[in-house]
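>
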Amino acid sequence: MVPPSEAGEDGGMRTSHKLGRWIAAGSAVAAVGMLAATLPVSAASAVTSDLAQLSLPEPTGPYPVGTTELHLVDESRANPWPGDQVDRELMVSVFYPASRTAGYPSAPYMRPRAAAHFDAETSGLPSGKVDWARTETHAVLGAPVAPGERPVLLYSPGAGDPRTWNTGMVAELASRGYVVITIDNTYESPEVEFPDGSLITMLPPGDDVNAYLKKAVDVRVADTSFVLDELTRLNDGARMTGVPAGFAGTLDLTRVGMFGQSAGGSTAATAMHADPRIRAGINMDGNLTWLDGSLMPVAEDGLDRPLLLLGQGGPTDTGPGWTAFRENTKGWTQERVLRGSAHSSFTDAQAVVPQFDLPPDEREDKIGTIDPTVSIRIQHAWIAGFFDRWL
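For the record, in the sequence shown the residue sitting at position 213 is 213 according to the numbering used here, with numbers rising by one throughout.
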């Protein structure tokens with residue numbers, strides 16, 4: 001159990017910028033003020049071996065899990081945000097069934113500088129207590145890929161969350177035979193560390209938050225299509241640093257699904273609306289309306305493919321967009337509510353928050369009242385069962 005922080009009257013807790021909550025609960029985001037910058041070296045050195053190590057649930061599927069990260073550069077698309085990058089650059093992680101893991105190192109939860117920034121600015125949990133980079137992921141780096149064609153899943157995190165913030169679910173799906181790609185959307189993700197050690201953090205939304213959010217979703221959708229293009233190249237044998245042995249030919253790109261939490265769920269639905277290669281999707285507690293109350297195009301038009309809507313157990317304003325989507329869609333859809341859950345229950349928060357010694361009201365605000373083990377088991381069954389059915 002990680003003890004509460006002793007820094008400050010609030011126990012070291014920070015007000016989470018959680019820009020993703022606009023999608024699920026319509027909360028204000030004007031307080032977001034993180035600028036794109038390079039993290040000082042002193043912050044990167046804050047992670048020490050004296051800090052606690054958290055653990056995620058061990059995957060239950062029949063395959064050991066390998067992982068790698070890829071630096072993708074879209075030379076055909078300019079960087080859409082203010083910043084030093086000229087072309088659009090992304091970092092993604094790939095989790096996959098491995099043929100063997102002996103002799104391969106355990107995968108860190110995050111790169112060190114990203115982990116230090118996540119601890120200090122992003123997590124919304126007591127800082128200076130945990131070595132996030134060493135959080136047990138139950139995956140190994142660079143292991144060879146198990147033979148056979150695999151369905152592909154894309155994961156989009158909530159706004160204000162890194163791509164790692166659902167590693168528990170992602171590793172579970174990989175252990176069941178899926179290749180899962182998690183995407184950081186640079187300049188909008190809270191911290192993206194590149195192979196050269198540079199760290200790019202989140203831009204502030206500015207005065208017109210609604211316009212910012214519309215742009216963010218549009219950029220995410222373009223990023224998603226680009227990632228699918230790159231996966232096609234790699235599956236055909238293109239070379240790239242970080243690609244594990246046996247990767248080419250293992251992706252069944254006729255069976256692509258996408259899921260995401262909060263803004264990531266909205267992105268999954270919108271990406272399906274824009275890119276027919278995505279055959280099925282899950283929106284986990286993400287709204288389908290904008291801050292001004294207008295419907296997203298996917299809610300107005302619906303889809304011709306299946307989309308599962310998973311909602312938290314408490315009050316939420318996802319209703320208008322979800323209702324419109326259900327009325328307008330031609331494809332299969334279903335809405336499920338995880339009773340006793342909270343917005344962040346659909347992330348690694350469900351597993352790691354109980355490892356902190358938090359006051360009961362703070363814990364309930366983050367992950368609800370549902371038993372964490374039960375919540376994780378239900379989510380695994382719902383999400384894997386959905387993709388098993390439709391892909």
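All C-beta atoms, glycine included, are put in the ideal place defined by N, C-alpha and C.
1. Taking DSSP as the reference, what is the three-state secondary structure of alanine 320?
2. Alanine 139: buried (16+ other C-beta within 10 angstroms of its C-beta) or exposed?
3. For glycine 148, is the classification buried or exposed, using 16 other Cβ atoms within 10 angstroms of its Cβ as the cut-off for buried?
4. Extract the residue ranges of the beta strand (DSSP E) inside the stretch 117-184, only unbroken runs of 3 or more that lie entirely within it.
5. Check whether the stretch 258-266 touches the stretch 153-165, taking contact to mean three or more Cβ pairs, one atom from each stretch, closer than 8 Å.
6. Report yes if the C-beta distance between glycine 264 and arginine 305 is below 8 Å; otherwise report no.
7. According to DSSP, is phenylalanine 95 helix, strand or coil?
8. Look at the Cβ atom of threonine 145, then the Cβ atom of alanine 98, and state whether they are nearer than 8 Å.
9. Out of Leu70, Ala268, Lys366, which has the shortest C-alpha to C-alpha gap to aspartate 218?
10. So, with DSSP's three-state summary, where would you put asparagine 79?
11. Is there contact between the stretch 288-299 and the stretch 268-277, where contact requires at least three CB pairs shorter than 8 Å?
12. For alanine 114, which beta-bridge partners are listed by DSSP?
13. Looking only at its chain, what residues have a beta carbon closer than 6 Å to the beta carbon of threonine 135, apart from the 5 residues adjacent to it on each side?
14. Ignoring anything shorter than 4 residues or poking outside the stretch 331-384, list the alpha helix (DSSP H) runs there in chain order.
15. Could you round the C-beta distance between alanine 342 and glycine 368 to whole angstroms and report it? I think they count as a contact, below 8 Å.
16. What does a CB cutoff of less than 7 Å around alanine 37 pick up in its chain, not counting 5 residues either side in sequence?
17. Return the CA-CA distance between alanine 52 and valine 130, expressed in angstroms with no decimal places.
18. So, are the CB atoms of tyrosine 104 and serine 175 less than 8 Å apart?
19. Please report the residue range of the beta strand (DSSP E) in which phenylalanine 259 lies.
20. For threonine 67, name the three-state secondary structure that DSSP assigns.
21. Contact between the stretch 369-385 and the stretch 242-255 is defined here as three or more beta-carbon pairs at a separation below 8 Å; is this criterion met?
22. Check for me: the alpha helix (DSSP H) holding threonine 224 runs from which residue to which?
23. Grouping DSSP H, G and I as helix and E and B as strand, with all else coil, what is serine 283?
24. For aspartate 184, count the other beta carbons within 10 Å of its own beta carbon; 16 or more makes it buried, fewer makes it exposed. Which is it?
25. Spatial neighbours of leucine 310 within its chain, please: CB distance less than 6 Å, with the 5 preceding and 5 following residues excluded, ordered by chain position.
26. How long is the line joining the alpha carbons of leucine 70 and tryptophan 290, rounded to whole angstroms?
27. Spatial neighbours of glycine 172 within its chain, please: C-beta separation below 6 Å, excluding the five flanking residues on both sides.
28. Helix, strand or coil for valine 192 per DSSP?
29. Does the distance from the CB of aspartate 348 to the CB of leucine 56 come in under 8 Å?
30. Sorted by chain position, which residues of the same chain lie with C-beta nearer than 7 Å to aspartate 74's C-beta, five sequence neighbours on each side aside?
Let me spell this out:
1. One detail in the question is off: residue 320 reads as proline in this sequence, not alanine. The three-state secondary structure of proline 320, taken from DSSP, is helix.
2. By the beta-carbon neighbour count (other beta carbons within 10 angstroms, threshold 16), alanine 139 is buried.
3. With fewer than 16 Cβ atoms within 10 Å of its Cβ, glycine 148 is classed as exposed.
4. If we require 3 residues or more, the beta strand (DSSP E) runs fully inside the stretch 117-184 come out as 150-156, 179-184.
5. By the Cβ criterion, the stretch 258-266 is in contact with the stretch 153-165, since at least three pairs of Cβ atoms, one from each stretch, lie closer than 8 Å.
6. No, Cβ-Cβ distance for glycine 264 and arginine 305 is not below 8 Å.
7. The answer is strand: DSSP assigns phenylalanine 95 an E or B state.
8. The sequence given here has valine at residue 145, not threonine. Yes; because the gap between Cβ atoms is below 8 Å, this pair is in contact.
9. Answer by Cα proximity: Ala268.
10. In this structure, asparagine 79 counts as coil in the three-state DSSP scheme.
11. Yes, since at least three Cβ pairs between the stretch 288-299 and the stretch 268-277 fall closer than 8 Å, the two stretches touch.
12. DSSP links alanine 114 through a beta bridge to no other residue.
13. Correct list, in chain order: Leu54, Tyr109.
14. Counting only runs of 4 or more, we get 349-352, 360-367.
15. The C-beta separation of alanine 342 from glycine 368 comes to about 4 Å, placing the pair in contact by the 8 Å criterion.
16. With a pLDDT of 31 at alanine 37, under the threshold of 50, the modelled position of this residue cannot be trusted; read the value that follows with caution. Around alanine 37: Thr201.
17. Distance between the alpha carbons of alanine 52 and valine 130 is about 5 Å.
18. The answer is no: Cβ separation not under 8 Å.
19. Element bounds for phenylalanine 259: 251-261.
20. The answer is strand: DSSP assigns threonine 67 an E or B state.
21. In short, these stretches do not touch, since the Cβ pair count stays below three.
22. First-last of the alpha helix (DSSP H) with threonine 224: 209-235.
23. The residue you asked about is not serine; residue 283 is asparagine in the sequence shown. For asparagine 283, the secondary structure class from DSSP, reduced to helix, strand or coil, is strand.
24. Flag for aspartate 184 reads buried.
25. The residues are Met284, Arg336.
26. If you take the alpha carbons of leucine 70 and tryptophan 290, they lie about 32 Å apart.
27. The sequence as given places glutamate at residue 172; glycine does not occur at that position. Only Pro59, His380 meet the Cβ criterion.
28. If DSSP states are grouped into helix, strand and coil, valine 192 belongs with the strands.
29. For aspartate 348 and leucine 56, yes; Cβs fall inside 8 Å.
30. Apart from the 5 residues on each side of it in sequence, aspartate 74 sits with its Cβ closer than 7 Å to the Cβ of Asp87, Arg88, Phe226 in its chain, given in chain order.
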